[in-house]
Structure formats: C-alpha cells, structure tokens
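Shown next, in structure tokens, is the structure this report addresses.
Number of protein chains: 2
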Amino acid sequence: MRIAYEHMDSINVGLLGFGNVGTGTYETLMMNRDRITAAVGTEIDIVKILVNDINKKRTIDVPFSKYTSDVNDIIKDPNIDIMVEVLGGIEPATSYMLSAMEYGKHVVTANKAAVAANYDVLHQTATDNHVQFRMEASVGGGIPVLSSITSVLRANRFEEILGILNGTTNYIMTQMAENGLSYEKALKQAQEKGFAEADPTADVEGIDVANKLSILMALAFDHHIHPKDIPTTGITKITEEELKEADAEGKVIKLIASATNRGSRLDYSVKPMRLPKDHPLAGVKNEFNAVFLKGNAVDDLMFYGKGAGPLPTGSAVAGDIVQIATEELKETMHELMEGNKK
Amino acid sequence: MRIAYEHMDSINVGLLGFGNVGTGTYETLMMNRDRITAAVGTEIDIVKILVNDINKKRTIDVPFSKYTSDVNDIIKDPNIDIMVEVLGGIEPATSYMLSAMEYGKHVVTANKAAVAANYDVLHQTATDNHVQFRMEASVGGGIPVLSSITSVLRANRFEEILGILNGTTNYIMTQMAENGLSYEKALKQAQEKGFAEADPTADVEGIDVANKLSILMALAFDHHIHPKDIPTTGITKITEEELKEADAEGKVIKLIASATNRGSRLDYSVKPMRLPKDHPLAGVKNEFNAVFLKGNAVDDLMFYGKGAGPLPTGSAVAGDIVQIATEELKETMHELMEGNKK
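Here the protein sequences come in this chain order: A and B.
Our numbering numbers the first residue of the first sequence as 26 and each following residue consecutively.
Our numbering numbers the first residue of the second sequence as 26 and each following residue consecutively.
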C-alpha cells in the first residue's frame with residue numbers, strides 16, 4: 026500500500042489518543058514542520074484525533090474539527106494514510122491496529138504492552154496487507170534503537186542485549202544509591218516529579234521492562250517471546266543494605282533486561298543485577314534509559330537517552346511517520362514517473 | 026536508479042580497496058550471509074574487488090577472479106549495482122565516486138577525508154543521478170549515528186553535537202590519565218596495539234576528528250563546513266600535569282568535536298576539553314568512540330561503540346549496502362507488480 030496519488034500534496038495521519046505521547050507527537054510535528062516537510066517532500070498533517078471527550082478543555086491549541094470520538098472516522102477514512110496508536114493497553118488498541126492495517130493503513134505505535142502481547146499477529150497482518158508497522162517509541166522512548174536494529178545494523182547477528190528500560194525504577198534506584206533514600210521515599214519523590222504513576226505496579230514489578238525486552242528480542246533475534254514467559258523480578262525487595270554492599274564491591278545495582286542468543290538457545294530475564302562501576306550501563310542515572318547491544322560484526326554498542334516524556338517519545342513517533350512517508354512517497358513518485366513514460 | 030530487473034536474483038557490489046575496512050566488509054557479508062539474504066530478499070554478492078596488486082598473497086579466501094587492478098572494471102560494469110569505496114584519501118577516491126554515480130551506481134563509502142572535503146559535490150551528483158550515497162562508516166565506525174540522524178531522528182532540529190570521534194587519541198589520553206603514562210609512552214603503546222599508525226599526525230593533530238565533525242554537521246545541520254575551516258587543536262601539547270589538575274577538579278580531559286546550532290549561527294571546534302566526570306562522554310575510554318546529540322524534541326542522546334576495527338567498520342558499510350539493496354529492491358518489485366497488472 027503506497028500513498029495514494031490523489032493526495033500527494035499532504036500525507037494524512039489519524040491519531041488514536043491525545044495524552045502525553047499524543048500531544049508530544051503533535052507538538053514535534055508542529056514545531057519542526059519546515060524541516061520535516063523539506064525532508065519528506067510534502068506536508069504531514071494530523072487530520073483526525075480520537076479522544077474520549079471532544080469537549081474537554083485542553084492546553085494545546087488544536088482546531089476543534091480534528092477531534093472525533095468514533096475510531097471508525099480514522100480506521101475507515103480512505104484519506105488517512107497512517108494511523109498512530111498511542112492509547113496504551115492491550116485492548117482495544119490491538120484490534121484497532123489490526124483493523125487499520127486491513128483497511129490498508131500504515132500503523133505507528135508507542136504501545137509496548139500491545140506489541141509485546143501480540144507481536145506475531147500484528148507483524149503478520151502488516152505483511153499480509155503490504156503496510157508498514159513501526160514501533161520505535163515503544164522501547165526506550167526517543168532512543169533510536171529499534172530502527173537501528175531493523176535497518177543499518179541488519180548485517181549483524183545479535184548475541185546480547187542488556188537494557189535499562191524503565192525511567193521510574195532507575196530514578197528510584199539512583200536516589201536510593203546516591204542520596205541514601207529509602208525505597209518508599211524514593212518512590213514518593215518519583216511520583217512527585219511525574220516519573221512514577223499513582224499505581225506504580227507495572228514499573229516497580231518489572232512488567233513494563235519485560236514488555237520492552239520482548240519487543241527488543243523479537244526485532245534483534247527474530248523470535249517473539251511473550252512477556253509472561255520472561256522470568257521477571259522487580260525492585261520492591263531491594264534494601265539500602267544491598268545497595269551499600271554493592272557499592273563497597275565497586276558495583277551498582279540496576280534493574281536490567283537481559284537476553285543472550287547462542288544460536289540454538291535464547292536466555293532472558295528481567296531482574297536487579299550488580300554491574301561493575303566502569304560498565305557503560307552503570308553510569309546511566311535517574312530517568313535516563315540505555316540499551317547495550319552486542320553484534321557479531323559491530324561488537325559492543327550502547328544507545329543512551331530519555332526513555333519517556335512527551336517530546337522525546339513524540340520524536341520517536343514522528344520519526345516513524347517521517348520514515349513511512351519518505352519511503353512510500355518515493356515509491357509513488359517512481360510509479361508516477363514510470364506511468365508518464367508509457 | 027533502481028536495481029535492474031535482470032539481476033534481481035542477486036545484488037552486485039564492486040569494492041574499491043581491500044585493506045582493513047574492505048576485508049571487514051567482505052567478512053561481515055560472508056559470515057552473516059543467511060541473515061542478510063533473508064532481510065533483503067536476495068543475495069548480495071561482492072563481484073569485483075579493486076586492488077593494487079592482484080597477485081599479492083592474502084590471508085582471506087577470495088576467488089582470484091574477483092580481483093581487478095582496473096577501476097573501470099567496476100565503474101563501467103552495468104551488472105554492478107553498488108560501488109563501495111574504502112580506498113581512503115581524497116583523490117582518486119572522490120573522482121571514482123563521482124564517476125560511479127554518473128554511471129548510475131549507488132555509492133557507499135567509509136572515507137571521511139573524501140566526504141568531508143567534497144560533501145556538496147558528492148551529495149549533489151548523487152541527487153542528480155537518482156542514486157543513493159551513504160557513508161555510515163565514515164564517522165564512529167560501527168556506531169549507527171549518521172543513519173539515525175538522517176532517518177528516524179529527522180523530525181528533530183539538532184542543537185548540539187559533542188563527540189569523541191578518534192580511538193587513537195582517546196586511547197592515548199585514557200592511558201595518560203589512568204595509568205600515568207607520558208604522551209610518548211602512550212603513543213608508542215597505541216602503535217604497538219595497532220590503534221595508532223606509524224605516522225600518527227592526522228589523529229593526534231585532530232585532523233581526522235575535524236573531518237568527522239564536518240560530516241556530522243552536514244547531516245545534522247544541513248550545512249557543510251570544510252574541515253579546513255574548523256578550528257582544530259590536537260592532543261600533542263597536553264601534559265601529565267594538566268591531566269592531574271583536571272582530575273583534582275573532578276574532571277577528565279577528552280579530545281572533543283563540538284558544534285552548536287543556534288539557528289542563524291553555527292559554532293564549531295575540535296579541541297581538548299575538560300568534562301565533569303559524571304558527563305556521559307567522560308566514561309568513554311580507550312579505543313571507544315561516542316557521539317552525544319541534542320535534538321529539540323528527543324533531547325539528550327548518546328551513541329557509544331567501537332569507532333574502528335575491520336568488523337565494526339565492516340558492519341557499517343555492510344549496513345549501508347543492505348539498506349540500499351532493501352529500498353531499491355522494494356521499488357523494483359512494486360514496478361514489476363504494476364507492470365504485470367498492465
């Protein structure tokens with residue numbers, strides 16, 4: 026499915042969800058509009074936004090006519106080329122993505138829970154319908170690790186993944202280790218700063234990290250492991266004593282997503298691990314994320330950046346949109362040129 | 026220029042140069058052949074290799090018929106889709122790349138000196154001839170920073186670049202700072218380990234880093250600054266006393282490529298700088314490289330990895346080949362499908 030000839034003057038995007046990531050995507054596309062238009066060769070317009078309550082007061086300035094509360098105004102609109110899903114949660118997000126693909130739309134998502142739970146069917150449905158399915162923002166926020174794995178690092182066999190993939194838990198553990206805070210105090214501080222949610226279960230129990238590791242393995246090892254099958258331990262039982270003991274050993278404790286690929290055998294887990302202080306991941310502090318990869322040609326690599334926040338995550342979603350728009354428009358242009366020759 | 030229909034059963038590559046990077050590229054493509062073929066959808070074959078002496082004994086096992094000492098066997102061969110230039114040096118490398126583009130070939134290079142000196146004409150000639158021109162390996166070896174800047178991070182306006190871009194000088198300075206070696210002893214050790222060349226001038230005077238900063242700015246800021254116009258100071262005058270003084274201040278000295286983009290104004294330099302020990306670049310030791318970027322949406326990002334070596338650099342060259350092959354083959358497939366419909 027390419028961008029239709031009729032509306033090459035703009036590429037139309039429908040957005041499902043207008044929370045942190047949705048508004049961050051909108052703002053990224055607006056504030057860098059000139060640069061993006063120059064890169065793609067045409068304008069990218071968010072034409073419809075699915076929200077629960079179209080009359081809700083919002084701080085962001087968006088023409089009222091863009092809002093809809095009916096998902097079919099996006100899924101079934103033939104003028105929309107790309108659907109962006111940033112609702113979160115496994116359902117109805119997965120069903121919406123599958124429907125949009127069946128209606129010939131490219132899909133971009135930031136939704137790690139939905140992708141980790143349903144990677145195979147989402148990937149297959151995209152392939153069957155000749156549409157692109159991209160998910161850069163689902164792992165590591167703005168860090169361009171998934172795109173690198175699936176494109177320019179493709180000439181590698183990946184042997185190892187080690188990641189600090191959750192800003193909430195990394196913030197808590199940094200505060201405990203460096204400022205001597207108790208787990209409870211550090212969690213409270215993270216909540217006050219907006220790094221942790223009121224119900225922090227998915228973060229502190231490692232569930233969020235297991236979702237992200239599942240996606241990383243699917244792309245790097247070409248093998249989908251359901252997050253339920255990843256042995257997962259969170260950070261709730263780590264004591265100040267353990268942190269001090271590690272420090273005395275010249276180590277730091279981090280919540281690590283770990284996976285190794287030894288050809289016939291994959292090993293994977295999410296758990297607190299002691300890292301030597303000179304390990305590249307040991308210096309990743311507070312809300313930052315990082316992914317360490319080992320490829321059989323490129324050797325050790327690390328990607329570091331902001332794993333959350335409206336604009337960093339919006340940057341990743343917008344980057345996926347730009348990639349799809351550029352690639353598909355190039356194909357359409359070639360076809361037009363071929364058509365004119367005949 | 027797309028991959029010609031006639032040889033969609035393989036994508037043919039001509040390689041100029043068979044030193045460290047050339048053999049690393051060949052080895053990467055061989056050892057990961059199955060994975061690459063699956064990703065691209067067809068085989069990638071290096072069909073011709075330009076060498077000075079076709080009779081030279083080599084440790085790598087390559088069919089003798091692939092060698093040539095005439096560059097026109099590659100540039101003018103219509104069966105070759107992609108030319109890889111890893112000769113090094115500004116000329117004749119630049120002329121060869123321009124000729125290959127004019128003959129409709131996509132070009133991949135690892136040659137920072139040629140790209141930094143002639144970015145504009147190389148870029149324009151690629152555009153005029155509808156061919157791809159990729160150079161991932163020219164900056165940071167295997168680190169996928171250039172591809173990220175030009176694709177998935179494209180929805181950002183870049184504000185700052187800070188890089189440790191030369192493994193030789195970073196090795197020397199790490200050894201001086203951590204093991205108390207003099208500059209002369211550290212340089213000698215780097216030469217013994219193969220990290221420094223017999224004539225280390227381009228490395229220790231910062232010329233190599235200025236070339237790389239020129240390329241980074243061209244891609245991130247869309248503005249080419251000739252490396253001769255980048256104020257450049259190397260590491261030859263750094264004393265053990267300065268390193269100790271920095272250490273006492275809680276800092277480390279690194280040779281830093283630095284550039285900022287404040288809209289109407291670009292500032293750039295290559296020089297030794299004092300970084301606080303908790304700066305992400307401060308922990309980059311020995312032969313490792315890293316690039317720190319700030320985008321107006323993604324915020325702080327860092328890429329870390331091996332900036333040199335046959336396989337890491339070969340990984341980047343092979344990644345560029347895979348990218349070109351995947352994109353161009355997709356277009357050819359679409360056209361074939363369209364053709365069949367008619």
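Glycine included, C-beta positions come from ideal geometry on N, C-alpha and C.
This structure is a prediction, so every number in the text was calculated from the model and none was measured.
| Item | Value |
| --- | --- |
| Contact with chain A by M327 (chain B), beta-carbon distance below 8 Å | yes |
| Contacting residues, own chain, Cβ-Cβ under 6 Å from A215 (chain B) (five flanking each side not counted) | T193, Y196, I197, A221 |
| Rounded separation between E31 (chain B) and I281 (chain B) - CA only | Confidence at E31 (chain B) is low in this model, with a pLDDT of 49, below 50, so the placement of that residue should be treated as unreliable; the coordinate-derived value is given next. The alpha-carbon atoms of E31 (chain B) and I281 (chain B) are separated by roughly 48 Å. |
| Cα-Cα separation, T93 (chain B) to N236 (chain B) | 30 Å |
| Where M56 (chain A) meets chain B, residues with beta-carbon distance less than 9 Å | R182, N321, A322 |
| Residue burial classification, S25 (chain A) (beta-carbon count within 10 angstroms, cutoff 16) | Since the first and last residues shown for chain A are 26 and 367, residue 25 (chain A) lies out of range. |
| Straight-line gap, S176 (chain B) to G344 (chain A) (C-alpha atoms, nearest Å) | 7 Å |
| Nearest residue (CA-CA) to K296 (chain B), options B:T48, B:G259, B:T152, B:N191 | B:G259 |
| D78 (chain B) - DSSP class collapsed to helix/strand/coil | coil |
| Span separating the alpha-carbon of M26 (chain B) from that of E116 (chain B) | Low confidence applies to M26 (chain B): its pLDDT is 47, below 50, so where it sits in the model is not reliable enough to give any reading. |
| Cβ contact check for the segment 124-137 of chain B and the segment 104-116 of chain B: 3 or more pairs under 8 Å | yes |
| Strand pairing of G39 (chain A), partner residues [DSSP] | A:K73, A:M108 |
| Closest Cα partner of D303 (chain B) within the set A:V309, A:I346, A:S294, A:L300 | A:V309 |
| Contacts of E161 (chain A) in chain B (Cβ-Cβ under 8 Å) | V177 |
| Spatial neighbours of V46 (chain B) in its chain, beta-carbon cut-off 6 Å, leaving aside the 5 residues before and after | V111, A135, T338 |
| Inter-residue spacing [alpha-carbon to alpha-carbon] between G113 (chain A) and A162 (chain A) | 12 Å |
| Buried or exposed by the 16-neighbour rule on C-beta atoms within 10 Å, applied to E209 (chain A) | exposed |
| Integer-rounded CB distance, given that A315 (chain A) should sit under 8 Å from L306 (chain A) | 6 Å |
| Alpha-carbon to alpha-carbon, A243 (chain B) and K144 (chain B) | Going by the sequence as given, residue 144 (chain B) is Tyr instead of Lys. So the alpha carbons of these two residues sit roughly 8 Å apart. |
| Nearest-angstrom Cα separation, counted from A118 (chain A) out to V164 (chain A) | 17 Å |
| Secondary structure of K101 (chain A), DSSP reduced to three states | coil |
| Cβ shell of K367 (chain A) (< 7 Å), same chain only, five flanking positions each side left out | Residue confidence is low: K367 (chain A) scores 48 on pLDDT, short of 50, so the model does not pin down where it sits. No coordinate-derived value is stated. |
| Opposing strand residues paired with L212 (chain B) [DSSP bridges] | DSSP output for L212 (chain B) lists no bridge partner at all. |
| Within 8 Å, strictly: CB atoms of K73 (chain B) and I36 (chain B) | no |
| Neighbour-count burial assignment, Q149 (chain B), 16 or more Cβ in a 10 Å radius | exposed |
| Pair within 8 Å by beta-carbon distance, V38 (chain B) and D59 (chain B) | no |
| Backbone secondary structure at S172 (chain B) - three-state DSSP | helix |
| Assumed close pair V347 (chain A), A322 (chain B) - CB separation to whole angstroms, cut-off 8 Å | At roughly 11 Å, the Cβ-Cβ gap does not stay under 8 Å, so V347 (chain A) and A322 (chain B) are not in contact. |
| CB-CB length for G219 (chain A) against K331 (chain A), believed under 8 Å | Contact doesn't hold; Cβ gap of about 13 Å is too wide. |
| Interface residues of the segment 59-71 of chain A facing chain B [CB-CB below 7 Å] | R60, I61, A64 |
| Buried or exposed by the 16-neighbour rule on C-beta atoms within 10 Å, applied to G320 (chain B) | buried |
| Beta-carbon proximity of E270 (chain A) to M201 (chain A), cut-off 8 Å | no |
| Anticipated Cβ contact below 8 Å, I85 (chain B) with T48 (chain B), distance rounded | 5 Å |
| K262 (chain B) versus E230 (chain B) - alpha carbon distance | 10 Å |
| Amino acids of chain B, ordered along the chain, whose beta-carbon sits closer than 9 Å to that of G308 (chain A) | D303, P305, A307, G308 |
| V177 (chain B) CB to nearest heavy atom of the ligand FMN below 7 Å | Only the bare structure without any ligand can be found here, which leaves the ligand FMN out of the picture. |
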